[in-house]
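Reviewing the structure listed below.
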Amino acid sequence: MSFPLLTATAVLPAIGAIATAAVPATRRTAAKWLALLVSLATLALAVVVLIRFDPGGARYQLTESHSWIADFGVRYELGVDGIAVALIALTALLMPFIILAGWHDADPLETGNRRWRPTQGFFALILAVEAMVIISFEATDVFLFYIFFEAMLIPMYFLIGGFGDRAHEHGEEAASTQRSYAAVKFLLYNLAGGLVMLAAVIGLYVVAGNFSLTEIAEARANGSLEMSTSTERWLFLGFFFAFAVKAPLWPLHTWLPNAMGESTAPVAVLITAVVDKVGTFAMLRFCLQLFPEASQWATPVILVLALISIIYGALLAVGQRDIKRLVAYASISHFGFIVMGIFAMTSQGQSGATLYMVNHGISTAALMLVAGFLISRRGSRLIADYGGVQKVAPVLAGTFLIGGLATLSLPGLAPFVSEFLVLVGTFARYPVIGIIATFGIVLAALYTLVLYQRTMTGPVKPEVSAMPDLRVRELVVVAPLIALLIVLGVHPKPLTDIVNPAVQQTMSDVQKQDPQPEVEAAK
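For the sequence shown, the residue numbers in our numbering are 1 to 523.
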C-alpha cells in the first residue's frame, strides 16, 4: 500500500492544531513555534505532492479511496488535478507567512480582571483552517467536500470574532461589537449558502445514487446517467449559490468587507487568499464537471454578475477611508475577474482564472500583511491618519508599493499574466463583456495609487515621524512574497504547465472549444 500523501498533507495541520491548543497557557512562545514548524512541515509535504504530480498523466492523481458510510454511498475519496495541486501549494506556502505575520497578534490583553485572546487558540485555529481547506481541494467525493466546505466556517468564525483587529477609531468596546457583527454576518451568509448546497447534494444523490465525483461525471459522459434539464439546472444553482457566497460574487459579497476589516491582517489574508479560493475552485471542479449543460445555460447571467463585481468592487475601493476595507473591495473586483474567466468557457480564460487564484493569493497577502505592519505601528486603519511614511520607513513603503502594483496587475508582476489571459479568453467569446471589464484595470490603478499617495508621500505627519521600518521577522514574511510576484510575473510557465492540462479536461467536460480567430495569421 502506497503512502497516503494527500491524507498526510491534510492531517498534519489538523494534528498540529490539536497539539498547539494543548500547549500550556504559560508557554505561549512554544505554541507559536510549534504552529510555525507544523506549517513548514505541511509545506514540505505540499512540495512533495507538487513534485510527484505528473501534468501529462491521469486527470486525478495520488488518489485514495476507502469506504466510509457505505449505506449512503459515501466514500473517503481524494485526488488532485493540476488546479488542485496549484491551490494546495498556495495554501501551504502562505501559512508560514500568516503565522509569522501574526506572531504577536494574539498575545493576551488585560481588560480589568479579564484575560482574553489565548495565543494557543489563535494559532490552533489557523492550522485547523489550513487542514480543512487542503482536504477541500483534495476531495473527490461530493459529501466529503461538503463537510469540510462547511466545517471551515467554525474556526474562521472564532478567528474573526475572538481575535479581531485592535486598531479601532472608536475604542475597544466598539471594536468588540464590530468584530461580533462581522463574525456573525460571515457565518450566516456562508451557512445560508451551505444549506442551499446541502439540498442540492441530497438531490444529486437521489439522481445518481452515490457521491463520487469521478463516477458521476463518467456516467454522465457515457450516457448511463440521465438527468433532466430542469433537474440539472436546479442542482447547478444549489451548488453555484454556495460557491458564489464563498467566492464572494456580487450581490452575495457584503460579508467580506466586514470580515476583513475587523480581522487581524493575517486572518484577513487567510479569508481572501485561502478560504475564498475554495469557492472559485469548486466552480471549476463541481459546477462545470457535474452540470455542463446548466453551466452553459447560466453563463450569460454569471458573466454579468462577474462584470458587476469587477466594476462595483473597484468603484467602492476608490472611495474607501479604511485601508483594510479598500483591500477587501479590491478583492471583490479581482474575484469578479476569476469568475469571469471560469465562465468565459475558453482555455485562456480558465487558465487565467486558475493563475489568478494563485497570483491574487500572493499579491493580496503581500499588500495586506504590509498594511497590517503599517497599521500596528500607527494604531489606525484610516488612510487620513497617514502621510509621508516613505521618508521615515522606506523599506515598508517600497514593499507596500510593490504589493499595490501587483494588485493593479502591473506588467512584469504575476497578476498581470492571469488578468491578461482572463481578458483575452473572455474577449474571444464575449467581446462586449471583455471590453467593459478592462475599466476595472483603470479603476485598480486609481485606488492603488491614491492609497499609496495618501499614506506614503507628502509631508510627514507627527504621528508617523518615529515609525520604525520593517523588522527582520517582517522582512522574512514580505521578501519571499515579493520575490514570487516577480518570478511568476516574468516566468509563469512552470505554473501554466501544471494547470493547462486540467483546464483542457474541464473544457472537454462542457464540450467547448476555443473560438477560431476571424482572421488567420499569415503563413
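Just so it is clear, CB atoms sit at the ideal spot from N, CA and C, and this is done for glycine as well.
Remember, it's a predicted structure, so these values are computed and weren't measured experimentally.
Measure the C-alpha to C-alpha separation of residue i and residue j and round it to an integer number of angstroms.
i: V267; j: A273; result: 10 Å
i: H66; j: G379; result: 51 Å
i: P492; j: F420; result: 13 Å
i: M163; j: N222; result: Before going further, note that residue 163 is Phe rather than Met in the sequence given. About 51 Å.
i: T119; j: S263; result: 15 Å
i: A41; j: Q504; result: 32 Å
i: Y181; j: G161; result: 8 Å
i: D71; j: A106; result: 44 Å
i: W297; j: V339; result: 15 Å
i: C287; j: E232; result: 10 Å
i: F145; j: A139; result: 5 Å
i: A535; j: L481; result: The requested residue 535 is not part of the displayed model; the chain covers only 1 to 523.
i: A30; j: S224; result: 56 Å
i: G388; j: A397; result: 9 Å
i: P345; j: P292; result: In the sequence as presented, Pro is not what sits at residue 345; that position holds Met. For M345 and P292, the distance between alpha carbons rounds to 11 Å.
i: A524; j: F148; result: Limits of the chain in this structure are 1 at one end and 523 at the other, which puts residue 524 out of reach.
i: A502; j: G56; result: 9 Å
i: V370; j: V476; result: 12 Å
i: F236; j: L90; result: 27 Å
i: F281; j: P459; result: 45 Å
i: A294; j: F241; result: 13 Å
i: G307; j: V442; result: The sequence shown places Leu at residue 307, rather than the Gly named in the question. Whole-angstrom Cα-Cα distance: 14 Å.
i: A131; j: E463; result: 41 Å
i: L256; j: P248; result: 7 Å
i: I436; j: T426; result: 11 Å
i: H104; j: K32; result: 9 Å
i: L62; j: G82; result: 12 Å
i: L12; j: L6; result: 10 Å
i: F439; j: I310; result: 9 Å
i: T399; j: T20; result: 32 Å
i: L43; j: L34; result: 14 Å
i: L315; j: L423; result: 19 Å
i: E64; j: I15; result: 20 Å
Can you tell me whether DSSP reads residue i as helix, strand or coil?
i: H66; result: strand
i: D141; result: strand
i: V105; result: The residue you asked about is not Val; residue 105 is Asp in the sequence shown. The answer is coil: DSSP assigns D105 none of H, G, I, E or B.
i: S212; result: strand
i: S263; result: strand
i: Q453; result: helix
i: W250; result: coil
i: V472; result: helix
i: L93; result: helix
i: D509; result: helix
i: F163; result: coil
i: E232; result: helix
i: V460; result: coil
i: Y430; result: coil
i: M345; result: coil
i: R59; result: coil
i: L410; result: coil
i: D276; result: coil
i: M197; result: helix
i: L307; result: helix
Please classify residue i: is it buried, with 16 or more other beta-carbons within 10 angstroms of its beta-carbon, or exposed?
i: I126; result: buried
i: T177; result: exposed
i: Q516; result: exposed
i: R115; result: Summary for R115: the model assigns pLDDT 44, below 50, so the residue's position carries little reliability, and this model does not support an answer.
i: I88; result: buried
i: L195; result: exposed
i: V133; result: buried
i: G319; result: exposed
i: F97; result: buried
i: Q350; result: buried
i: D497; result: exposed
i: L305; result: buried
i: G352; result: buried
i: A84; result: buried
i: V206; result: exposed
i: I51; result: exposed
Report the partner residues of residue i according to the DSSP bridge assignment.
i: L78; result: E64 and A139
i: L382; result: D322
Which whole-angstrom value is the C-beta distance of residue i and residue j, which I expect to be below 8 Å?
i: L355; j: L495; result: 6 Å
i: L213; j: D141; result: 7 Å
i: I332; j: R381; result: With 8 Å as the limit, I332 and R381 do not qualify as a contact, their Cβ atoms being about 18 Å apart.
i: L558; j: Y189; result: The shown model of the chain, from 1 to 523, leaves out residue 558, and the question about it has no answer.
i: Y447; j: A330; result: 7 Å
i: G73; j: N210; result: 4 Å
i: N359; j: P415; result: 4 Å
Would residue i pass as an interface residue toward chain B - the criterion being a Cβ-Cβ separation below 7 Å?
i: L37; result: Absent from the structure: chain B. Only one protein chain is present.
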